[in-house]
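Below is one structure, written out as structure tokens, with a few remarks after it.
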Amino acid sequence: MIVVAAALELLNEVSSAYWDQYAKHSRSCTAPNICWNVNSSTGTATLVCTGCNKNSKAAFRFGVCSLCSYSGPPDAVYIPRKCNSCQQSVEYGYNALMCHVKQCSHAPSEYRLPKRTCEHCGAPPPSE
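Residue numbers for the sequence shown, in mature numbering (1 follows the signal peptide of the UniProt record, and there is no 0): -16 to -1, 1 to 112.
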């Protein structure tokens, strides 16, 4: 949850008081799983709890891609991550915002949320 709060404070300049409230919601939800949700019509991204569909109040507008200069909305995707314990690749290890341009596929690390337990050694994703 700290990663989620830090990411949104960085991206959306949301007050820490609001994220204290959001964290309490997540702990009381029966299936807290926070992921990126992109609204293509507005060109913004929010975080959503897939357990109860509660969205973050602040929406983030993705800036110009630093690699290809695309300025439209990003894609919310799952990408691999390296396990912190065994160093093996974890498929669908991060939920991330990625540049929509398929030839670019830039996914800045500050927009990655760790997901999935390592199928090789059983290590959980990095602490939120």
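We treat Cβ as the ideally placed atom computed from N, Cα and C, and that holds for glycine.
Exposed or buried, which one is residue i when buried takes at least 16 other CB atoms within 10 Å?
| i | result |
| --- | --- |
| residue 5 | Note that residue 5 scores 46 on pLDDT, short of 50, meaning its location in the model is unreliable; the coordinates nonetheless yield the value given after this. Classification for residue 5: exposed. |
| residue 37 | exposed |
| residue 108 | exposed |
| residue 76 | exposed |
| residue 105 | exposed |
| residue 96 | buried |
| residue -15 | Low confidence applies to residue -15: its pLDDT is 41, below 50, so where it sits in the model is not reliable enough to give any reading. |
| residue 45 | exposed |
Quick one: what's residue i bridged to in DSSP?
| i | result |
| --- | --- |
| residue 53 | Note: residue 53 sits in no beta bridge, so no partner. |
| residue 88 | In the DSSP output, where bridge partners are listed per residue, residue 88 has none listed. |
| residue 64 | Answer by DSSP bridge pairing: none, since residue 64 is not bridged. |
| residue 37 | Note: residue 37 sits in no beta bridge, so no partner. |
Figure out for me which residue from the options has the closest Cα to the Cα of residue i.
| i | options | result |
| --- | --- | --- |
| residue 100 | 63, 82 and 51 | 63 |
| residue 72 | 102, 45, 33 and 27 | 102 |
| residue 42 | 91, 21 and 85 | 21 |
| residue 28 | 39, 34 and 66 | 39 |
Run through DSSP, which three-state label would residue i get?
| i | result |
| --- | --- |
| residue 103 | coil |
| residue 73 | strand |
Return the first residue and the last residue of the beta strand (DSSP E) that residue i is part of.
| i | result |
| --- | --- |
| residue 23 | 18 to 23 |
| residue 30 | 28 to 33 |
| residue 98 | 96 to 98 |
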